[in-house]
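Chemist: Take this structure, written in C-alpha cells, and hold onto it; I'll ask about it next.
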C-alpha cells in the first residue's frame, strides 16, 4: 500500500508539471498546491477574481481588496485574471480552397468577462480557446484561395474572432483580436508565385508603355487637329475681313460715284453747264480713241468718227436725258493695225 501511495503521488506530481500554466503566472494556476490558502483575512489584488467554494460548492467571488473567509469551510478554488491575455496559437497546417497546403500561426487576445463561467464552464480555458482558434482558422482558410488569403487577411482575422466569440461566450471569455503572424507556403508554390509576380510586373510595364504610346499619339493628333482648326479659323477670318474690305470699297466707290453724280447734276443746272459737260465728254472720247489705236483690235465705231463736234453733240447731256429721241447710227467694222 505504501508503494502504491508513493507511485500515485509521483504520477500526480509528474502530470501537474506537464500541464501548462494557465494565463502565464503562478498565481493563476488551477492546481490546489499553487492557490492562495485560507488565512481568514485575505487581500485580493486588483484585476483578479478569486472563486471561493464552501464545503465543495460555489459560494462567491472575492472582489479586489479586503475579504474574510471562514476557516476550514471556505476554500479558494480558482484564481482568474481579468486583464487582457495574450496567447500564442501554435503553427498548424491548413489547406486553402485551391488545394495549397499552408503553415500558419497567430496570436490571440482575449479577456475573462465572467469568472464563474471561466472556472466551471470549461476545464482548461486556455487550451479550449487555442484549439477553437486553430479549428476556426483551418475552416476559414478552406473558404479562400491562396491569393485571397494574402489580400484579405483583415477579413480573415475578423471572421475568426466572430467564430471564437460565438463558442467562447459559454465560457465567459471574450476574444478581442486575432492576428495572423506568419503564412508559410511550400517552396514550389513560392517559386510559382514569384514567377507570377514577375510576369504581372512585366505585363504592367508593357501596358503602361502602350498606354504612354497611345497617349502620345493622341496628343500629337489632338495638336494637329487644333492646328488645323486654328488655321481654318484664321483663313475664315481672313476671308471675312477681305470680303468686308471689298464690300466697304465697293460701298465707298458707290458713295463717291453717287456724290459725283449729285455734284454733276448740280453743276448742269448752272449757266453754261451743258457746254462744260460736252467739253469733258469730248476729252474723254479723244483719250479713249487714242488708247484703242495702240493695239490691234476689232472694234465697232459710228460712221461719223471723224466729226468730233457731231460726237459731242450726240453725247451731250440733253440728248442723253431725252428718252424720246431715236438715233440711227451706221456702224462700220474696221481693222486698225499699228505698225
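In our numbering, the protein residues as written are 387 to 725.
From the three backbone atoms N, C-alpha and C, an ideal C-beta is built for every residue, glycine too.
1. With DSSP run on the structure shown, which of helix, strand or coil describes residue 430?
2. Thinking C-beta only, is residue 476 closer than 7 angstroms to residue 435?
3. Ends of the alpha helix (DSSP H) at residue 457?
4. By a C-beta neighbour count over all protein chains shown, 10 Å radius and 16 as the cutoff for buried, is residue 624 buried or exposed?
5. Pop quiz: residue 455 and residue 426 are said to be a contact at Cβ under 8 angstroms. What is the actual Cβ separation, rounded to whole angstroms?
6. Closest by CA to residue 457, which one among 422, 673, 563?
7. Find the nearest neighbour of residue 498 within the set 557, 630, 651, judged by alpha-carbon distance.
8. If I follow the unbroken alpha helix (DSSP H) through residue 547, where does it start and stop?
9. Cα-Cα, which of 506, 491, 420, 481 is closest to residue 442?
10. Give me the Cα-Cα distance between residue 672 and residue 650, rounded to the nearest whole angstrom.
11. Please state if the CB of residue 482 and the CB of residue 531 are separated by a distance shorter than 7 angstroms.
12. How would you call residue 600, buried or exposed, if buried means at least 16 neighbouring beta carbons within 10 angstroms?
13. Between the stretch 563-577 and the stretch 478-492, are three or more C-beta pairs nearer than 8 angstroms?
14. When the distance is taken between beta carbons, is residue 486 closer than 7 angstroms to residue 575?
15. What does the alpha-carbon distance come out to for the pair residue 631 and residue 591?
16. Which residues does DSSP list as the beta-bridge partners of residue 786?
17. Report the rounded CA-to-CA distance for residue 610 versus residue 617, giving the unit in angstroms.
18. Does DSSP put residue 472 in a helix, a strand or coil?
19. Would you call residue 403 buried or exposed, if buried means 16 or more other Cβ atoms sit within 10 Å of its Cβ?
20. Quick check: what's the CA-CA separation for residue 551 versus residue 431?
21. Starting from residue 565 and walking both ways along the alpha helix (DSSP H), at which residues does that stretch end?
22. Taking residue 531 as part of the alpha helix (DSSP H), name the residues at either end of that continuous run.
23. Examine chain B for any beta-carbon lying closer than 7 angstroms to the beta-carbon of residue 558, and answer yes or no.
24. To which residues of the same chain is residue 620 closer than 8 angstroms at the C-beta, ignoring the five residues directly before and after it?
25. Taking 8 angstroms as the limit between beta carbons, can you name the residues of its chain near residue 433, skipping five residues before and five after?
26. Tell whether a beta-carbon distance below 7 angstroms holds between residue 559 and residue 496.
27. For residue 571, is the classification buried or exposed, using 16 other Cβ atoms within 10 angstroms of its Cβ as the cut-off for buried?
28. Determine the extent of the alpha helix (DSSP H) in which residue 505 is found, giving its start and end residues.
29. Considering only the alpha carbon of each residue, which of 484, 636, 516, 510 lies closest to residue 348?
30. Residues in the same chain with beta-carbon distance under 6 angstroms from residue 545, minus the five sequence neighbours each way, listed in chain order, please.
31. Pick from 519, 528, 513: whose alpha carbon is nearest that of residue 488?
32. Using CA atoms only, rank isn't needed, just tell me which of 478, 512, 464 is closest to residue 471.
Modeler: On the basis of the coordinates in this document:
1. Start at 1 with the first residue of the chain shown, and residue 430 comes out as number 44. Residue 430 falls in the strand class under three-state DSSP.
2. What you label residue 435 is simply residue 49 of the chain shown in a count that begins at 1. What you label residue 476 is simply residue 90 of the chain shown in a count that begins at 1. Not a contact, by the Cβ cut-off of 7 angstroms.
3. In the chain shown, residue 457 corresponds to position 71, counting from 1. Careful: residue 457 lies outside any alpha helix (DSSP H) and carries neither H nor E.
4. Indexing the chain shown from 1 puts residue 624 at position 238. Label assigned to residue 624: exposed.
5. Position 69 of the chain shown, counted from the first residue, corresponds to residue 455. Position 40 of the chain shown, counted from the first residue, corresponds to residue 426. Right, their Cβ atoms sit about 6 angstroms apart.
6. Translated into positions along the chain shown, residue 457 becomes position 71. Comparing Cα positions, the closest option is 422.
7. Start at 1 with the first residue of the chain shown, and residue 498 comes out as number 112. The shortest C-alpha separation from residue 498 is found at 557.
8. Numbered from 1 along the chain shown, position 161 holds the residue referred to as residue 547. Its alpha helix (DSSP H) spans residues 539-554.
9. One-based indexing of the chain shown puts residue 442 at position 56. When only C-alpha atoms are compared, the closest one is 506.
10. As a first step, residue 672 is located in the chain shown; it is residue number 286 there, counting from the start. As a first step, residue 650 is located in the chain shown; it is residue number 264 there, counting from the start. The straight-line gap from Cα to Cα measures roughly 21 angstroms.
11. As a position in the chain shown, residue 531 is number 145, starting the count at 1. As a position in the chain shown, residue 482 is number 96, starting the count at 1. Yes, they are a contact pair.
12. Sequence index remark: in the chain shown, residue 600 carries index 214 (1-based). It counts as exposed.
13. yes
14. As a first step, residue 575 is located in the chain shown; it is residue number 189 there, counting from the start. As a first step, residue 486 is located in the chain shown; it is residue number 100 there, counting from the start. Cβ atoms of residue 575 and residue 486: closer than 7 angstroms.
15. The residue you call residue 631 lines up with position 245 of the chain shown. The residue you call residue 591 lines up with position 205 of the chain shown. Roughly 59 angstroms between the two C-alpha positions.
16. A query on residue 786 cannot be resolved here, the shown segment of the chain reaching from 387 to 725 and no further.
17. Numbered from 1 along the chain shown, position 224 holds the residue referred to as residue 610. Numbered from 1 along the chain shown, position 231 holds the residue referred to as residue 617. So the alpha carbons of these two residues sit roughly 10 angstroms apart.
18. Looking up residue 472 in the chain shown gives position 86. Strand at residue 472.
19. Mapped onto the chain shown, residue 403 falls at position 17. Low local confidence applies: a pLDDT of 38 at residue 403 is under 50, so the model's placement there is unreliable, with the coordinate-based value given in what follows. Exposed is the call here.
20. For the purposes of this step, residue 551 is taken as the residue at position 165 of the chain shown. For the purposes of this step, residue 431 is taken as the residue at position 45 of the chain shown. Taking the CA atoms as reference points, residue 551 sits about 27 angstroms from residue 431.
21. Reading the chain shown from its first residue, position 179 is the one you call residue 565. From DSSP, residue 565 is part of no alpha helix (DSSP H) but of the beta strand (DSSP E) over 559-570.
22. The count along the chain shown starts at 1 and reaches residue 531 at position 145. Unbroken run through residue 531: none, as it is neither H nor E.
23. The chain labelled as chain B is not found in the depicted structure, where only one protein chain is given.
24. For the purposes of this step, residue 620 is taken as the residue at position 234 of the chain shown. Excluding sequence neighbours, residue 620 sits near nothing in its chain.
25. By 1-based counting over the chain shown, the position of residue 433 is 47. Answer for residue 433: 450, 467, 468, 469, listed in chain order.
26. For the purposes of this step, residue 559 is taken as residue 173 along the chain shown, with counting starting at 1. For the purposes of this step, residue 496 is taken as residue 110 along the chain shown, with counting starting at 1. In contact: residue 559 and residue 496 (Cβ atoms closer than 7 angstroms).
27. Within the chain shown, residue 571 is the residue found at index 185, counting from 1. Label assigned to residue 571: buried.
28. Sequence index remark: in the chain shown, residue 505 carries index 119 (1-based). For residue 505, the enclosing alpha helix (DSSP H) starts and ends at 501-506.
29. The structure shown has nothing for residue 348, since the chain only spans 387 to 725.
30. As a first step, residue 545 must be located in the chain shown, where it is residue number 159. So the list reads 526, once near-sequence residues are dropped.
31. For the purposes of this step, residue 488 is taken as residue 102 along the chain shown, with counting starting at 1. Here the closest residue by C-alpha is 528.
32. As a first step, residue 471 is located in the chain shown; it is residue number 85 there, counting from the start. Among 478, 512, 464, the Cα nearest to that of residue 471 is on 512.
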